[in-house]
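If you read the sequences in order, they're chains D and S. FYI, the numbering for the first sequence is 1 to 616, going by the numbering used here. FYI, the numbering for the second sequence is 1001 to 1250, going by the numbering used here. For each residue, glycine too, the CB sits at the ideal point set by N, CA and C. On a predicted model such as this, the values are computed, not experimentally measured, just so you know. Take a look at the structure set out below.
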Amino acid sequence: MSDANINFFKADLRSMEFTLYEHLGAQELFEHEYYEHMSREDCDQVMQQTLRLCNEVLGPINSSGDRQGCTLKDGVVTTPDGYKEAWKQLWELGLPNFSVSLEAGGFQGPMAVLGMLSELQMGANISFTMYSGLTYGAMELIEHFGTDDDKARFIEGMTSGRYGGTMCLSEPHAGSDVGAITTTATHIDGNSYLIKGSKCWISGGDHDLAENIIHLLLARVEGAPEGTQGISLFIVPRDVINEDGSSGENNNVITASLEHKLGINSSATAVLNFGDDGDCVGYLCGSEENVGMKQMFKMMNGARLSVGLQGHSVAATAYLNALAYARDRKQGASVKAFKDPNAPRVSIIEHSDVRRMLLEMKSKIDGMRAIAGKMALHLDWVNVLRDKDPDQAAYHQGQVDLLTPIVKAYCSDQGFRVCETAIQVYGGAGYVKDNPVEQYLRDSKIFSIYEGTNHIQALDLVVRKLRGRKGQDLADFSGDLTDFVEANSQDPAIGAETQLLGEASERLQTAGAAIVGYMMEGKLDQLTLYATPFMQAMSHVAVCHLLLEAALVAEGARTQDFDQSQEEFDFYAGKVMSGKFYANFIMPEVFSLCRAICSADRSAIDIPDNGFCTQW
Amino acid sequence: MKILVTAKRVPDPETTIKVNADGTGIEEAGIKWVVNPFDEIAIEEALRIKEAQGEAEVVIVSVGSADCQEQLRTGLAMGADRAILVSADNPDPTAVSRILEKIVEQESPDLVIMGKQAIDDDSNEVGQMLAQRLGWPQATFISELELAGGGGSATCVREIDGGLETLSFPLPAVITADLRLNEPRYASLPGIMKARKKPMEEIDASSLGIELGRSVTIVSVQPPPERAAGRVVESVDELIAALQGEAKVL
Ligand SMILES: Cc1cc2nc3c(=O)[nH]c(=O)nc-3n(C[C@H](O)[C@H](O)[C@H](O)COP(=O)(O)OP(=O)(O)OC[C@H]3O[C@@H](n4cnc5c(N)ncnc54)[C@H](O)[C@@H]3O)c2cc1C
Ligand SMILES: Cc1cc2nc3c(=O)[nH]c(=O)nc-3n(C[C@H](O)[C@H](O)[C@H](O)COP(=O)(O)OP(=O)(O)OC[C@H]3O[C@@H](n4cnc5c(N)ncnc54)[C@H](O)[C@@H]3O)c2cc1C
């Protein structure tokens, strides 16, 4: 292994365990039929093995992969050194199938645990996990919507690492506006269609890790209605799949080019041409045309949770690296010794401002982990309760729907900012490639863009999700919050912060009412102007609620167990401080955001185009 | 062929170890526990023999508290067939070798593979004592193992001071694994799930009819001296002088 293969990845298993079990109580899942084939001990073992894979295999090829990137030569995409071996090991471990249903040959483990396993893998090597993550996403679409024949042909390959998978939505003129796609599908017979068109930005669009690539592609059947109503979902293998399951000749899927990007450089982002030089055959996924968008929407919660986790995971390792650096780097003397020019130099972790940055990062990471974990747990409860208690299942599904845009946008936005703060903690050393944080920052920018830009998330929240189940989802969300505030406003440890959260929550409701007002009055330009600030404010409230809830758990653990080690005592103290700090330093942004929303200020709409600049 | 391997529960090498308040041991709260890394190598070697032979049974044994189940599960998840937990309160190496002797008598394995030492107390004696008690050949610190004669004999390469030594001996025998013997596999997800259904027998050491008292008393445990802070020297000459005069390494 060369010098370049340094593993910078750092994980905080103790915190993950705290969120998953002590705070969110995920262990309860194992008492229910849907998950009873697993236990917490099994999951702990899987975590340990995953951590080992991250430290020994995925982490060491993260920065080398960034530098080497992917190459396209003679129509063939090559991934960086070590990626093939890592792919093989990943599938031998069976990790990508952790939450795949038993029926599809997986292990049917809880999504909440999968979230933690993902945090490890994504933190170790975000680009590498794109390949396995998209394979999982594409496989899920086939599992949910495909015919038995589709499943028989594709699932085994996609749950064994023999096939990679992609999501082919975007086209040059159809990014956010998926309805504008022009790729066509012409019926041949049965569920076979001829596919023709070009897709761009396709992650894992081609690579050398698997023997074949299965594209899940959106196209328009000839004569289909305009817009999103006329879109169908197809399964398009790169290489023809023979009767015996082996891969045959190219199905006229050509990689035209690879993008040169800011980050995630070892994830191949491809422009793909389908059916340019001959017949490209695709198979309708399921048996119905024109329901492609609906199908995609159904699977979107999982995909968006996953992007939220990406933001969180890269930030988490950035934070831990900054923390280690801050303990090590000596610079300046203690402020208490400001009169003494010969005072000893101290580690920068002793400076208040560095501690502020570290705790800001920590509280955001604790918050991201909690909110993504919470959403995943709601998904698990839907699985557990689906047939047993439809009302409760509907409650959990409602919270999943409501939290989806929040988790995706909050974790991607804040994750990027945490990486930026990590560089600030390093000072000049963070800006150079000897240290990992500049790569973390570059890798993180994409999360707010793909899988629906964060503004698309905000629109989803205000236009659709706030009205979910006729407003019941929002009422449930607010109800849980109000109960918490009422119960804990006088708490000796976090009472003041809880009261502040209560105030913020009231402001948020006022802002929400204003938003609904703009919608009712048909002031759609203003509705969309305030959508992003509203989502940000709501995210802060949701995250602060969870952090204070976690602080209560930690305060309880800290004061009730007299046998614990100093280390455990400090750990819990950290969780309490994390909640208090977030409430006092970060969450109050809610007040300024809500003020802006209620101001009805239209400057951004009314400013003449030339007012931005008369030249450009 | 039947192979017996051992798995001691030890603190994760990554954890920071602190000496307890009365200086008699280490602070155990909050520590992560793992399979002794040398034992992991032993397990891996047994599994490789099993895979090469097609048919063999790998039995994994741990002596200690009920918590050792965790380490046995790891071994089972890697691929061992069944596990034996011998519960004993804080046994010393002599007691462990006595217990293992009894287990070997019960199980009659063709081969016992152990780690050359445990990374917690670094005693490096259980394998040797066990072989002596059984009157079996032993090969310690092995870095290569080859079975011959349909599993009737073995050839081992062992790491000795300044070189390698090759030994041949008949089975049954006790061998202890060194670091370079192999690289242990990961416990896969299917392996972890299968491990739940594999048999784990629990035996109380006091039922074995042997002397379990400690023959070694730990008088005190001390942390290694703190590393002194580094210092920046002004010149190469000063560096050389310091290396010769203070550090005495040149
Ligand atoms: C590295 C990378 C990997 C990708 N991987 C995939 C993949 O695997 N599969 C795939 O299908 N796609 C993929 N994409 C494409 C990605 O999903 C799109 O980039 C994304 O949907 C945004 O579309 P766009 O780039 O065309 O931006 P645009 O849609 O042009 O958006 C530009 C800006 O305008 C805003 N905007 C656009 N429309 C509206 C509107 N109606 N109202 C208000 N604001 C609006 C957006 O929020 C954004 O800020 C990838 C992109 C990248 C960069
Ligand atoms: C691309 C680049 C170009 C540069 N160009 C030049 C140049 O042309 N000339 C030149 O002289 N230098 C140059 N520099 C160096 C630059 O000025 C330093 O990086 C900068 O002053 C920060 O110092 P540092 O990197 O040692 O960080 P540190 O001083 O180690 O700071 C690390 C962190 O600790 C904090 N911190 C440090 N001390 C204290 C304290 N007492 N109290 C509270 N917080 C503290 C900092 O705010 C920072 O967040 C350059 C650096 C880079 C990366």
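In the structure shown, arginine 1082 (chain S) falls within a strand segment according to DSSP collapsed to helix, strand and coil.
Taking a C-beta distance under 9 angstroms as the contact criterion, alanine 303 (chain D) and glycine 137 (chain D) qualify as a contact pair.
For serine 478 (chain D), the secondary structure class from DSSP, reduced to helix, strand or coil, is helix. Bridge partners of methionine 167 (chain D) according to DSSP: D:Leu216. Here the segment 1156-1174 of chain S lies against the segment 1134-1145 of chain S, with 3 or more beta-carbon pairs under 8 angstroms apart.
Close CB contacts of valine 543 (chain D) within its chain, under the 6 angstroms cut and outside five residues either way in sequence, are with Gly367 and Ile371 (chain order).
Cysteine 70 (chain D) sits in coil when the DSSP states are folded into three classes, being neither helix nor strand.
Annotated as distal: serine 363 (chain D) and phenylalanine 571 (chain D), with beta-carbon spacing of 9 angstroms or more. Of all residues in the segment 556-585 of chain D, only Asp563, Gln564, Ser565, Gln566, Glu567, Glu568 and Phe571 come within less than 9 angstroms of chain S when Cβ atoms are compared, listed by chain position. Its chain contains Val271 and Asn273 as the residues whose beta carbon lies nearer than 6 angstroms to that of alanine 256 (chain D), once the 5 sequence neighbours on both sides are disregarded; these appear in chain order. Less than 9 angstroms divides the Cβ of lysine 1102 (chain S) from the Cβ of leucine 1208 (chain S). If you ignore the 5 residues before and after valine 1034 (chain S), its C-beta comes within less than 6 angstroms of the C-beta of Asp1012, all in its own chain and listed in chain order. Bounds of the beta strand (DSSP E) holding tyrosine 283 (chain D) are 281-284. DSSP places alanine 303 (chain D) in the uninterrupted alpha helix (DSSP H) bounded by 292-328.
Within its own chain, the residues whose Cβ lies closer than 6 angstroms to the Cβ of threonine 129 (chain D), once the five positions on either side in sequence are excluded, are Gln121 and Met122, listed in chain order. The CB of glycine 157 (chain D) never comes closer than 7 angstroms to any CB in chain S; the least such distance is about 17 angstroms. When DSSP states are grouped into helix, strand and coil, cysteine 1156 (chain S) belongs to the strand group. Put simply, the CB of histidine 37 (chain D) is near chain S, with a gap under 9 angstroms to one of its CB atoms.
One alpha carbon belongs to lysine 1008 (chain S), the other to proline 1091 (chain S), and they sit about 12 angstroms apart. In the three-state scheme derived from DSSP, where H, G and I count as helix and E and B as strand, glycine 1213 (chain S) is classed as coil. In the three-state DSSP reduction, serine 1062 (chain S) falls in the strand class (E or B). For the pair methionine 1001 (chain S) and glutamine 1071 (chain S), the CB atoms are not nearer than the 9 angstroms cut-off. Closer than 9 angstroms to the CB of glutamate 589 (chain D) there is not a single CB belonging to chain S. Between the segment 438-445 of chain D and the segment 558-573 of chain D there are fewer than three C-beta pairs closer than 8 angstroms, too few to call the two in contact. Going by DSSP, alanine 1229 (chain S) is part of no beta strand (DSSP E) at all; its letter is neither H nor E. Flagged as an interface residue toward chain S: phenylalanine 107 (chain D), by a C-beta distance shorter than 9 angstroms. A contact between stretches requires three or more CB pairs, one per stretch, nearer than 8 angstroms, and the segment 1182-1191 of chain S meets this requirement with the segment 1068-1085 of chain S. Beta bridge pairing from DSSP links lysine 196 (chain D) with D:Thr184. With respect to chain D, the C-beta atom of proline 1223 (chain S) has no partner C-beta closer than 9 angstroms.
Below 8 angstroms, enough C-beta pairs join the segment 581-590 of chain D and the segment 533-541 of chain D to call them touching: three or more.
For isoleucine 1099 (chain S), the nearest beta carbon of chain D is not closer than 9 angstroms to its own beta carbon. Annotation: valine 1063 (chain S) to alanine 1205 (chain S) spans about 9 angstroms, alpha carbon to alpha carbon. Interface annotation for the segment 1173-1201 of chain S against chain D: Arg1185, Tyr1186, Ala1187, Ser1188, Leu1189, Pro1190, Gly1191, Ile1192, Met1193, Ala1195 and Arg1196, criterion Cβ-Cβ distance under 9 angstroms.
Close to glycine 94 (chain D), with beta-carbon spacing below 8 angstroms, are these residues of chain S in chain order: Ser1188, Leu1189 and Pro1190.
Take the alpha-carbon of serine 603 (chain D) and the one of isoleucine 515 (chain D): they are about 17 angstroms apart. For glycine 517 (chain D), the three-state secondary structure derived from DSSP is helix.
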